[in-house]
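The sequence shown begins at 882 in the working numbering and counts up by one. In what follows, a structure is listed as structure tokens, so that the remarks can point back to it.
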Amino acid sequence: MELIPALEIGWGNGWVLLALLYLVYGFLLLVFPKDMTTRLYEYDRSSWSRRQRAFYVIGKLFVLVYFTLVILTPLKTGAVVFIPGIILFVLGLGGFVIALVNFRNTPLDQPVARGLYRISRHPQVFMLFILALGICMAIGSWPALFILLLSSLFGRARTLAEEEACLERYGDSYRAYMKRVPRYLGFC
882 MELIPALEIG
892 WGNGWVLLAL
902 LYLVYGFLLL
912 VFPKDMTTRL
922 YEYDRSSWSR
932 RQRAFYVIGK
942 LFVLVYFTLV
952 ILTPLKTGAV
962 VFIPGIILFV
972 LGLGGFVIAL
982 VNFRNTPLDQ
992 PVARGLYRIS
1002 RHPQVFMLFI
1012 LALGICMAIG
1022 SWPALFILLL
1032 SSLFGRARTL
1042 AEEEACLERY
1052 GDSYRAYMKR
1062 VPRYLGFC
């Protein structure tokens, strides 16, 4: 891992892993029913507080910085952390796909509580974090890791707002779900 990685444009950079993620994700969104993709992205944000909105925007700005670092940093194929990074990336991508399939297979009038959602209320978010952590290791970048952690902290505002929206939509069934399932794979 490097504190100041060399930034350059190249074919062997971290963007390759981001491209793989978005190819898989894009394919899934194309083959999933339209109502599922609508449920995934179109929810009421009108009740968000100013703080939640601000944290959401700040988190997105950190994601943009993270993407820039990943795109411009070469993969460290010879480094000790490269293989564990690729393993985390693959595990995160696989878990993300499974979580999306679990999401798709849940009726629209029910909260998602199947598959990975039995052990985490937000497996998509958790798996994307694991995937992104793997990318940080594969490019060997401490700054990318630091930015990832900051974006995750600010992104928590969105997670909490989504839970509030689910409580409004599903009521007691979601409240019971929250009591039995942790937010992020074993911890809140």
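Ideal Cβ positions, reconstructed from N, Cα and C, are used throughout, including at glycine.
Give the DSSP-derived three-state secondary structure of residue i in the structure shown.
i: Pro992; result: coil
i: Ser1022; result: strand
i: Glu883; result: strand
i: Gly1015; result: helix
i: Ile967; result: helix
i: Arg999; result: helix
i: Gly1052; result: coil
i: Ala960; result: coil
i: Leu888; result: coil
i: Asn852; result: Only positions 882 to 1069 of the chain appear in this structure, which leaves residue 852 out of reach.
i: Phe908; result: helix
To the nearest angstrom, how far is the alpha carbon of residue i from that of residue j?
i: Trp892; j: Leu1029; result: 23 Å
i: His1003; j: Ile964; result: 26 Å
i: Arg1056; j: Ala960; result: 46 Å
i: Pro1063; j: Val944; result: 25 Å
i: Leu950; j: Ala1025; result: 6 Å
i: Phe913; j: Ala980; result: 13 Å
i: Phe948; j: Asp990; result: 35 Å
Please name the residue or residues paired with residue i in a DSSP beta bridge.
i: Asn894; result: Pro955
Below 8 Å on the Cβ atoms is my contact criterion, and I expect residue i with residue j to pass it. Report the Cβ-Cβ distance as a whole number of Å.
i: Gly895; j: Ala1019; result: 7 Å
i: Leu974; j: Val905; result: 6 Å
i: Ile1016; j: Gly966; result: 7 Å
i: Gly940; j: Phe1035; result: 3 Å
Can you name, in chain order, every residue of its own chain whose Cβ lies under 6 Å from the Cβ of residue i, other than the five neighbours on each side?
i: Phe984; result: Val993
i: Ala935; result: none
i: Tyr903; result: none
i: Leu953; result: Leu888
i: Ala1042; result: Trp929, Gln933
Who are the Cβ neighbours of residue i in its own chain at under 7 Å, not counting the five residues just before and after it?
i: Phe1010; result: Ser1033
i: Leu972; result: Ile1011
i: Asp883; result: A small correction: the amino acid at residue 883 is Glu; Asp does not occupy that position in the sequence shown. If we look at Glu883 and ignore the five residues flanking it on each side, its Cβ neighbours are Gly1021, Ser1022, Trp1023.
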